[in-house]
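Trainee: Chains as they are written, first to last, in our numbering: chain A, 1 to 552; chain B, 1001 to 1167.
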Amino acid sequence: MYIYDQYDNQMLQDRITQFRDQTRRFLAGDLTNEQFLPLRLQNGLYMQRLAHMLRVAIPYGLLSSRQLRKLASIARDYDKGYAHFSTRQNIQYNWPQLEQVPDLLAELAQVEMHAIQTSGNCIRNTTTDQFAGVAPDEIEDSRPWCEIIRQWSTFHPEFAYLPRKFKIAVCGTVHDQAATQVHDIGLYLKKNDQGEVGFQVLVGGGLGRTPVIGAEICDFLPWQHLLTYLDAIMRVYNRYGRRDNKYKARIKILMKEIGPEEYRRRVEAEWQHDKDGPGTLTQEEVDRCKAFFTDPAYETLPDTDAAIEAEAGKDVMFSHWLERNVAAHKKPGYRIVTLCLKETGVAPGDVTDRQMDFIADLADRFSFGEVRVTHEQNVVLADVRLKDLYEMYRACMTESLATPYLGLINDIVCCPGGDYCSLANAKSIPIAEAIQRRFEDYDTQKAIGDLTLNISGCMNACGHHHVGNIGILGVDKKGEEFYQVTLGGSADRNAALGSVLGPSFAQEAMPDVIAKIVDVYMEHRQEGENFLATYNRIGIEPYKERVYANAD
Amino acid sequence: MPTLIKNGQVAANDWQLVDMDAGLDKVEGTDTVSNVIVPLAMWLAEKDTLTGCDKTIGVWLDSEDDPYSLADDVASLPLIALKFPSFRDGRAYSSAAILRTRLNFKGELRAVGDVLRDQLYYMQKCGFDSFELSDGVKTEDALSAFSDFHTGYQSTVTEPTPLFRRR
Ligand code: SF4
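1. With C-beta atoms as the reference, is Val134(A) less than 7 angstroms away from Ile336(A)?
2. In chain order, what residues of the same chain lie with their CB nearer than 6 angstroms to the CB of Lys427(A), ignoring the 5 residues before and after it?
3. Figure out for me which residue from Gly1127(B), Leu1044(B), Met1042(B), Lys1055(B) has the closest Cα to the Cα of Val1036(B).
4. Establish whether the CB of Tyr1122(B) and some CB of chain A are separated by less than 7 angstroms.
5. Would you verify that the beta carbon of Tyr1068(B) is, or is not, closer than 7 angstroms to some beta carbon of chain C?
6. Which residues in chain B have a C-beta closer than 9 angstroms to the C-beta of Leu162(A)? List them in chain order.
7. I'd like to know whether the C-beta of His156(A) is nearer than 7 angstroms to at least one C-beta of chain B.
8. Under three-state DSSP, which class holds His84(A)?
9. Any heavy atom of the ligand ADP within a distance shorter than 6 angstroms of the CB on Asn460(A)?
10. Considering only residues of the same chain and omitting the five flanking positions on each side of Tyr188(A), which have a CB-CB separation below 6 angstroms?
11. Hey, would you say the C-beta of Gly471(A) is under 6 angstroms away from at least one heavy atom of the ligand SF4?
12. Is there contact between the segment 344-357 of chain A and the segment 427-437 of chain A, where contact requires at least three CB pairs shorter than 8 angstroms?
13. Under 7 angstroms between C-beta atoms, does Arg1110(B) make it to chain A?
14. Should Tyr1121(B) go down as buried or exposed, given a rule of 16 or more other Cβ atoms within 10 Å for buried?
15. Work out the CA separation of Glu268(A) and Ser1069(B) for me, nearest whole Å.
16. So, using beta-carbon positions, are Arg1110(B) and Ser1130(B) closer together than 7 angstroms?
17. Counting contacts by CB-CB distance shorter than 7 angstroms, is Gly279(A) in contact with chain B?
18. Would you kindly check if the distance between the Cβ of Pro1160(B) and the Cβ of Gln1154(B) is under 7 angstroms?
19. Ala132(A) and Arg150(A): beta carbons closer than 7 angstroms?
20. Starting from Pro222(A) and walking both ways along the alpha helix (DSSP H), at which residues does that stretch end?
21. Check the Cβ of Leu1099(B) against every Cβ in chain A and list those closer than 8 angstroms, keeping chain order.
22. What residues in the segment 282-296 of chain A bring their beta carbon closer than 7 angstroms to a beta carbon of chain B?
23. Find the nearest neighbour of Arg66(A) within the set Glu107(A), Ala83(A), Tyr78(A), judged by alpha-carbon distance.
24. Using the beta-carbon of each residue, which ones in chain A are nearer than 7 angstroms to Asp1148(B)?
25. Please report how far the alpha carbon of Tyr247(A) lies from the alpha carbon of Ala291(A), in whole angstroms.
26. Would Asn530(A) and Gly468(A) qualify as a contact pair, given that the criterion is a beta-carbon distance under 7 angstroms?
27. Going straight from the alpha carbon of Ala515(A) to that of Cys218(A), what length do you get?
28. Using a Cβ-Cβ cutoff of 7 angstroms, what residues of the segment 202-229 of chain A are near chain B? List them in chain order.
29. Cβ atoms of Ile123(A) and Ser153(A): under 7 angstroms apart, would you say?
30. On the DSSP bridge list, what partners appear for Val1060(B)?
31. If you follow the alpha helix (DSSP H) that Arg437(A) is part of, which residue opens it and which one closes it?
32. Where does Lys1125(B) fall in DSSP's three states?
33. In whole angstroms, what is the alpha-carbon distance linking Ala109(A) and Gln13(A)?
34. Taking DSSP's pairing of strands, which residues face Arg354(A) in a bridge?
35. I'd like to confirm something about Ala291(A): is its beta-carbon nearer than 6 angstroms to some heavy atom of the ligand SF4, or not?
36. List, in chain order, every chain B residue whose beta-carbon is nearer than 8 angstroms to that of Leu39(A).
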């Protein structure tokens, strides 16, 4: 993991001092609400329905066990004993007191953490694939590049007051788990024929009110030019992005208005000035950052384990867990384990302080003290020995962290919605729970197979509903909470936006609606097809017919 | 008179800014001041008259104005002001950087409009060197803003060498 040096630490301390003073001036009446608003947002602090919400950055999803323990103790000391993993590889506290926030930030800084730029119209936390550095199909480890981007984007003086928020994702694996194509900038690491590293650059993707898949503006950007090129993209956006209408202010709208060709032309024109200038990355800097992400001390191990196979033969839930939650690792004898934080009855992504401490212990015991959080609101232990899997599984059971339904229908991605969020049109957590109860039976879930179900409480799409195979969106119908369903979304390399099924539904109807959709799939599916494949083959009509069959 | 900060100190403001809709008479008719900041549109339309009059002329740009329209003038203009219609409108940061790094403007670059304490540090990094503070901003608060951070990561106008080449 990246370790702060004196410069990083100094900047973090400067930021805390700055925010402490800003908070003081606000409480003293020297700053108006309006003036304080972007300042607190750029420190991750929202006003929610009932209280403040603080969003803490987990840069590209990576945490040490020490950091996770700190997050647990903050949940205990400043909150009600729990926190929420968001769909942006961040963690949110729902109940901190404004006056205490500077102290809370100081505590975070003790473990090199912060809430910088987790909100507001600035460059947000850069996200990546949770299997970076351990995936067998990796092209190039994205983590050092994410760190380079983190530093470049942190306190960038020119881009702190953009038209709107700005999100960057980097992906270095063949199988994209970072939803790269629906980010303002999506970067795919690739290698040219000479084996040199570069980036395919996509711009203008995004969800929200107008979901768009990013358009390529550069097929291969040599790594040296990463930051100067990003500067150019940002400058074009900062100058020409719309500021007259909040809903038209994202880069995707500018992209639509001028088209990818023109966008590329403007970026190239801008970039010519800085290309090869002092902002050009050096081999030395890349090597410095890469040195923080070298392999841990892996042992030489066989890639099979008879004892584990024997346990799987006896313990059927364990065998399900192996199948669903355990993925191949680049090193023989190691596996990537995902803990699914989707126990029925618990808001998706919520963790208690106790669970966080427990996961930190697990990481120390089984995975070199490191943890990753995913945008699907789960937690990954990336370097677990095959031979330890059963012991780890048994341990997870004691804290309700052994649910074997990763990637199944009950592994729901869900924003906080109307229970917490002041922007919500509708609640989302109770919908998730009602659906989970409907599909509680594990064999049913398993029979359905791979299916992503994403729920957002409003158009802002924090629950990524457009890219769920099944997407659910809370809408407001004359003051009542209704839900619109989309089908066919996907967030991988073949990213697709879901299509609206039809008129929206009342809350009580939702489990039945989802069940009917699933039935149609089960009846039509052919050998080897998952939900998305069947949908892509048969189209939306059969689902419509079934769901709206009895409607007048 | 709003407080002016120049090069990190409180300074006397010897420039008068004329509004967008003001006419040329506003410039020529101001007997009391000899330095006038005119809007870009006026400058582009009346360049000859303005350079011929007895005032020293600076130009101000609104946030949507293109700094490149001053490409031919930067060498002779002593002052350019960039307006922040709202402190949340960040276009002037880019305009400032363009004036300094693309057009090589060496004169005084002034922030006007909704200029508050908490944006001064970033403004300075983008090349502003004078700041006309909004009403209500305390001078001592503002003066402390320039040392909010010891250093930054990026290549900026005031520190073109990014941290990764210095650390
Ligand atoms: S999608 Fe809407 S309701 Fe859900 S967290 Fe985002 S803003 Fe709030």
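C-beta atoms are modelled at their ideal positions from N, C-alpha and C, and glycine is treated no differently.
Mentor: Per the coordinate set shown:
1. A contact, by the Cβ cut-off of 7 angstroms.
2. Gly417, Gly418, Asp419
3. Lys1055(B)
4. Interface residue, yes.
5. Looking at the structure shown, chain C is missing, and the protein chains on hand are A and B.
6. When 9 angstroms is used as the limit between beta carbons, Leu162(A) is near these residues of chain B: Gly1090, in chain order.
7. yes
8. strand
9. For the ligand ADP, the structure offers nothing, since it holds only the ligand SF4.
10. The answer, listed in chain order, is Cys171, Gln200.
11. Because no heavy atom of the ligand SF4 lies under 6 angstroms away, the Cβ of Gly471(A) does not count as near it: no.
12. With a cut-off of 8 angstroms, the segment 427-437 of chain A and the segment 344-357 of chain A count as touching, because enough Cβ pairs lie within range.
13. no
14. buried
15. 20 angstroms
16. yes
17. yes
18. no
19. no
20. No alpha helix (DSSP H) holds Pro222(A); the beta strand (DSSP E) holding it covers 215-222.
21. Chain order gives no chain A residues near Leu1099(B), where near means a beta carbon separation below 8 angstroms; the closest approach is about 13 angstroms.
22. Taking 7 angstroms as the Cβ-Cβ cut-off, the segment 282-296 of chain A approaches chain B at Thr282, Glu285, given in chain order.
23. Glu107(A)
24. Those within 7 angstroms of Asp1148(B) in chain A are Asp14, Gln18.
25. 42 angstroms
26. Contact: no.
27. 43 angstroms
28. none
29. yes
30. Just to set this straight, residue 1060(B) is Trp in the shown sequence, not Val. Paired residue(s): Pro1039(B), Ala1081(B).
31. 429-438
32. helix
33. Near 8 angstroms, if we compare the C-alpha coordinates of Gln13(A) and Ala109(A).
34. None, per the DSSP bridge assignment.
35. no
36. Asp1118
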